[in-house]
Amino acid sequence: MRQLETLQFDNTYARLPEAFYRRVMPSPLPSPHLVSFNPDAAALIDLDPDEAKRPEFPRCFGGDLLPTGADPVAMLYYGHQFGVYAGQLGDGRAILLGEVRNRAGEKWDLHLKGAGATPFSRDGDGRAVLRSCIREYLCGEAMHGLGIPTTRSLCITAGEERVVRETVETGAMLLRMAPTHVRFGSFEAFYYRRQHDHVALLTEYVIGQFFPHLMNDGDKYPRFFGEVAERTARLLAQWQAVGFAHGVMNSDNMSILGLTLDYGPFGFLDEYNPAFICNHSDHQGRYAFHHQPDIGYFNLRCLAQALSPFLTQAEAQAGLDRYEAAFAARYEALMRDKLGLREARPEDQALIADWLGLMEAGRADYTNVFRALGDFKQATDAKNDSLRDHFLDREAFDAWALRYKERLRAEDSRNEERKARMDRVNPRYVLRNYLAQAAIEQATQHKDYAEIDRLRELLRDPFTERPGMEAYAAPPPDWGRQIIVSCSS
Ligand code: AMP
Ligand code: MG
Numbered sequence: 000m001r002q003l004e005t006l007q008f009d010n011t012y013a014r015l016p017e018a019f020y021r022r023v024m025p026s027p028l029p030s031p032h033l034v035s036f037n038p039d040a041a042a043l044i045d046l047d048p049d050e051a052k053r054p055e056f057p058r059c060f061g062g063d064l065l066p067t068g069a070d071p072v073a074m075l076y077y078g079h080q081f082g083v084y085a086g087q088l089g090d091g092r093a094i095l096l097g098e099v100r101n102r103a104g105e106k107w108d109l110h111l112k113g114a115g116a117t118p119f120s121r122d123g124d125g126r127a128v129l130r131s132c133i134r135e136y137l138c139g140e141a142m143h144g145l146g147i148p149t150t151r152s153l154c155i156t157a158g159e160e161r162v163v164r165e166t167v168e169t170g171a172m173l174l175r176m177a178p179t180h181v182r183f184g185s186f187e188a189f190y191y192r193r194q195h196d197h198v199a200l201l202t203e204y205v206i207g208q209f210f211p212h213l214m215n216d217g218d219k220y221p222r223f224f225g226e227v228a229e230r231t232a233r234l235l236a237q238w239q240a241v242g243f244a245h246g247v248m249n250s251d252n253m254s255i256l257g258l259t260l261d262y263g264p265f266g267f268l269d270e271y272n273p274a275f276i277c278n279h280s281d282h283q284g285r286y287a288f289h290h291q292p293d294i295g296y297f298n299l300r301c302l303a304q305a306l307s308p309f310l311t312q313a314e315a316q317a318g319l320d321r322y323e324a325a326f327a328a329r330y331e332a333l334m335r336d337k338l339g340l341r342e343a344r345p346e347d348q349a350l351i352a353d354w355l356g357l358m359e360a361g362r363a364d365y366t367n368v369f370r371a372l373g374d375f376k377q378a379t380d381a382k383n384d385s386l387r388d389h390f391l392d393r394e395a396f397d398a399w400a401l402r403y404k405e406r407l408r409a410e411d412s413r414n415e416e417r418k419a420r421m422d423r424v425n426p427r428y429v430l431r432n433y434l435a436q437a438a439i440e441q442a443t444q445h446k447d448y449a450e451i452d453r454l455r456e457l458l459r460d461p462f463t464e465r466p467g468m469e470a471y472a473a474p475p476p477d478w479g480r481q482i483i484v485s486c487s488s
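Here it is in structure tokens:
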């Protein structure tokens, strides 16, 4: 039986030498059914959404049937976990079914997470649980809606399989998509195996596919490293600006394309606390929100090490310096946008830092208070009471508001025009943990998947106020503050 034969596969990764992967078939979930289907992701691979209604569809993405043209492999990678070299890590539970080339010529990996044990599974069962699949599925779409580079997801399939984590959970699979799932750790694999020719081959492959302008460049390795550093810097700047904590920034979770990759115990900031730790397993706070930019640097050093047979020390350092400069510039630009400032002025850094200081002291809701700042009125006598009410220290707010008013007038800002701009960068809705949790509970307890689709629909455009959806912008209720998310997924 031919499956999803409209998909045009072009399995470039599986044409690399065998050392890059192991051929492996998915282990099917018993009695698979479709939990959610994402038409936006389907459009990326020219897949007719009606295909999802066919009975074979959940079997295809539940590991039972293969799409015609698939050539499943588990990709090899190593990595540094929590700052420590960890050797061979993966891929222990995701199988690259193949790569689809769409009519526009773009290539998308179809990556089935939770597809069962692979030769890299170590002691793991190769499975994923429905809870984690829902989190990853929704957050990828939420990040995309926020304009942040990310993997996407086509669908979730669940089956009649119990998977043991801290409790017994429902087994599921996520069909994840990205132009490639190659990560920093893919390069580390061959460096630590002392297969430097394979480091070169992988670099040539990635450059050929995704950085073609570097193909004939005499300095292609340092240029490549510099561009990866730049992309990573821009990604981290976006995370910091939107208040996203990844939770497990191990080098094997760092995309070579600068995409947000591997959504585990992530969290969006509710109250602004720069030291926020979203990952319950992160006892030292290594991946605390405010450490993320430094961890990005650390991971780039891991990548530089892997590329060291082809990079001088000075070239590696130049790439790392580029990371720091690009992060600082990008972050400041994003924060200026969030404050509605059009021009760059010397006093902006202090204005931004003091605003964040106010938010921290007032435990202000990061998303909502930035959104509320859009309603700021710059007239000298404007009190801005509703914004002011978010802060305990009203005098400190008033002092800051005075400076902000002066700064706005200095660039001839206008209330309405500024608000329109700010509402396009300060989201109304983010995937707060408690929102995801409500969808998870309905799904796992009642097999009711409506909330997943409702959230996906809401978060694909998080900047537009939706009448009747005010509750989705609310800070977490008490129960929602207690949710524990860890690496166990
Ligand atoms: P993560 O911290 O989720 O990125 O996981 C690190 C690596 O551990 C992954 O790349 C997987 O290869 C492996 N892994 C995680 N969970 C499992 C599992 N249940 N079975 C097999 N391998 C796993
Ligand atoms: Mg991972």
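Letter 475 of the sequence shown, counting from 1, is numbered 474 in numbering that gives the first Met the number 0, and no numbers are missing. Note that CB positions come from ideal geometry on N, CA and C, so glycine has one too.
N-terminal and C-terminal residue of the alpha helix (DSSP H) that Glu203 is part of: Taking the first residue of the sequence shown as 1, we reach residue 203 at position 204. Unbroken alpha helix (DSSP H) run through Glu203: His195 to Phe209.
DSSP bridge partner residues for Lys376 (one or two, in chain order): Position 377 of the sequence shown, counting from 1, holds the residue named residue 376. According to DSSP, Lys376 bridges with nothing at all.
Nearest CA to the CA of Thr169: which residue from Pro31, Ile206 and Ala287? Here residue 169 is taken as the residue at index 170 of the sequence shown, counted from 1. Taking only the C-alpha atoms, the option nearest Thr169 is Pro31.
Looking at C-alpha atoms only, which residue of Arg413, Leu391, Thr366 and Ser307 is the closest neighbour of Gly339? Taking the sequence shown and counting its residues from 1, the one referred to as residue 339 is at position 340. Minimum Cα distance to Gly339 is reached at Arg413.
For the beta strand (DSSP E) containing Lys112, name the first residue and the last one. Counting from one through the sequence shown, the residue named residue 112 turns up at place 113. Lys106 to Lys112 is the span of the beta strand (DSSP E), which, as asked, contains Lys112.
The ligand MG and Asp261: does the residue's C-beta get closer than 6 Å to at least one heavy atom of that ligand? As a working note, residue 261 is residue 262 in the sequence shown. At least one heavy atom of the ligand MG is nearer than 6 Å to the Cβ of Asp261, so yes.
Since I believe Leu454 is in contact with Ala438 (beta carbons under 8 Å), could you give me their beta-carbon distance rounded to a whole number of angstroms? Against the sequence shown, residue 438 aligns to sequence position 439. Against the sequence shown, residue 454 aligns to sequence position 455. Right, their Cβ atoms sit about 6 Å apart.
CB contact flag (Val72, Leu43, <7 Å): Position 73 of the sequence shown, counted from the start, is the residue given in the question as residue 72. Position 44 of the sequence shown, counted from the start, is the residue given in the question as residue 43. No, the Cβ-Cβ distance between Val72 and Leu43 is not below 7 Å.
Could you name the residues that DSSP lists as bridge partners for Asp364? The count along the sequence shown starts at 1 and reaches residue 364 at position 365. According to DSSP, which records beta bridges pairwise, Asp364 is partnered with Glu270.
Cβ of Asn252 within 6 Å of any heavy atom in the ligand MG? Along the sequence shown, read from residue 1 onward, the residue named residue 252 stands at position 253. True, at least one ligand heavy atom lies under 6 Å from that Cβ.
What does DSSP give as the partner residues of Phe243 in its beta bridges? Against the sequence shown, residue 243 aligns to sequence position 244. Within the DSSP bridge table, the entry for Phe243 names Phe267 as partners.
Identify, in the order they occur along the chain, each residue of the same chain with its Cβ nearer than 7 Å to the Cβ of Thr210, setting aside the five sequence neighbours on each side. Taking the first residue of the sequence shown as 1, we reach residue 210 at position 211. The sequence given here has Phe at residue 210, not Thr. Cβ neighbours of Phe210 beyond the five flanking positions: Phe223 and Glu226.
Skipping 5 residues on each side, what residues in its chain have a beta carbon closer than 8 Å to that of Ser26? The residue labelled residue 26 in the question sits at position 27 within the sequence shown. The residues are Gly62, Ala114, Gly115, Ala116 and Gly125.
Residues near Val34 in its chain [Cβ-Cβ closer than 6 Å; skip 5 each side]: The residue labelled residue 34 in the question sits at position 35 within the sequence shown. Ile155, Ala157 and Tyr448, listed in sequence order.
Exposure label - Gln239; buried when at least 16 CB within 10 Å: The residue you call residue 239 lines up with position 240 of the sequence shown. Per the 10 Å Cβ criterion, buried.
How would you call Asn215, buried or exposed, if buried means at least 16 neighbouring beta carbons within 10 angstroms? Counting from one through the sequence shown, the residue named residue 215 turns up at place 216. Exposed.
Have a look at Ser494 and Ala395 and give me their C-alpha separation to the nearest angstrom. With the chain covering only 0 through 488, there is no way to say anything about residue 494.
Mind checking which residues open and close the beta strand (DSSP E) that includes Arg161? What you label residue 161 is simply residue 162 of the sequence shown in a count that begins at 1. From DSSP, the beta strand (DSSP E) with Arg161 extends over Arg151 to Val163.
With three or more C-beta pairs closer than 8 Å as the rule, is the region 66 to 84 touching the region 172 to 188? Touching, yes, given that three or more Cβ pairs across the two stretches are closer than 8 Å.
Since Met172 sits in a beta bridge, which residues does DSSP pair it with? Along the sequence shown, one-based indexing puts residue 172 at 173. Beta-bridge pairing links Met172 to Thr156.
What ranges does the alpha helix (DSSP H) occupy inside the region 319 to 362, keeping only unbroken runs of at least 4 residues that lie completely in it? Runs of the alpha helix (DSSP H) spanning 4 or more residues and lying entirely within the region 319 to 362 occur at 347 to 360, in chain order.
Counting along the chain, where does the beta strand (DSSP E) carrying Gln436 start and finish? For the purposes of this step, residue 436 is identified with residue 437 of the sequence shown, where counting begins at 1. For Gln436, there is no enclosing beta strand (DSSP E); the residue is found in the alpha helix (DSSP H) stretching over Asn432 to His445.
Span separating the alpha-carbon of Pro178 from that of Asp39: Working through the sequence shown from its first residue, we reach residue 178 at position 179. Working through the sequence shown from its first residue, we reach residue 39 at position 40. C-alpha separation (whole angstroms): 15 Å.
What I want to know is whether the C-beta of Val34 ends up closer than 6 Å to one or more non-hydrogen atoms of the ligand AMP. Locating residue 34 in the sequence shown gives position 35, where the first residue counts as 1. No.
With a threshold of 16 other CB atoms inside 10 Å of the CB of Met358, please say whether the residue is buried or exposed. Position 359 of the sequence shown, counted from the start, is the residue given in the question as residue 358. Buried: at least 16 other Cβ atoms inside 10 Å.
Which residue wins for smallest C-alpha separation from Cys59, given the options Met172, Ser280, Gln436 and Asp477? Along the sequence shown, one-based indexing puts residue 59 at 60. When the alpha-carbon of Cys59 is set against those of Met172, Ser280, Gln436 and Asp477, the nearest one is in Met172.
Of the listed residues Glu55, Tyr271, Pro292 and Gly207, nearest to Gln531 (C-alpha basis): Residue 531 lies beyond the range of the chain shown here (0 to 488); nothing can be said about it.
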